[in-house]
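Numbering (the working numbering), first residue to last: 884 to 1036.
Just so you know, even glycine gets a beta-carbon here, dropped at the ideal spot from N, CA and C.
A short write-up of the structure that comes next.
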């Protein structure tokens, strides 16, 4: 059995709450799975310790899921352990209002020599070439033009 850094010890009230959550059957499947994992991982009140591998087999999930759930329960509490983990990732916008204005002005102008019309990739490349941004995906150009209801056709 591997070392368990996060030992789950549920109170009797938490145990009742988790059992009720499982028995209702109207809650989301991931919540029920998390409740089952916590009940099986419980080492309080004289419960027999269960290995993460045994829990993973019983609940049909990975051992890493159980380890993450143990950690979240200890660090953040029962409610956080039952919910999905919120992403803390932040995405910076490539185009601010000024960049969008330059893109729209460029798209409304004449296409480069040798082309009949602007393409998303050519617009993205031209924005980088004119040094409005350091890099730009054609998908960002597409989303921006769609947001402003501007058609290239």
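Under 8 Å between C-beta atoms of residue i and residue j
i            : j           : result
residue 892  : residue 925 : yes
residue 916  : residue 944 : yes
residue 1019 : residue 977 : yes
residue 946  : residue 923 : no
residue 914  : residue 989 : no
Simplified DSSP state of residue i, which is helix, strand or coil
i            : result
residue 1023 : helix
residue 970  : coil
residue 998  : coil
residue 1008 : helix
residue 975  : coil
residue 1029 : helix
residue 892  : coil
residue 1035 : coil
residue 1018 : coil
Close Cβ partners of residue i (< 8 Å) along its chain, the five nearest in sequence each way excluded
i           : result
residue 985 : 1010, 1013 and 1015
residue 994 : 1000, 1001 and 1005
Range covered by the alpha helix (DSSP H) that runs through residue i
i            : result
residue 988  : 980-991
residue 951  : 946-959
residue 1013 : First-last for residue 1013: undefined, no H or E at that position.
residue 914  : 912-924
residue 936  : 935-942
Among the options, nearest to residue i - alpha-carbon criterion
i            : options                : result
residue 1002 : 965, 979 and 1028      : 1028
residue 1026 : 983, 951, 897 and 912  : 983
residue 1032 : 932, 987, 992 and 1019 : 987
residue 900  : 1008, 888, 979 and 921 : 921
Sequence-distant residues of its chain with Cβ nearer than 7 Å to residue i (five each side left out)
i           : result
residue 998 : 1005
residue 884 : Bear in mind that a pLDDT of 45 at residue 884, under 50, signals an unreliable position, so the model cannot answer this.
residue 910 : 904
Spatial neighbours of residue i in its chain, beta-carbon cut-off 6 Å, leaving aside the 5 residues before and after
i            : result
residue 897  : 961
residue 1017 : none
residue 963  : 955
residue 1021 : 1003, 1004 and 1007
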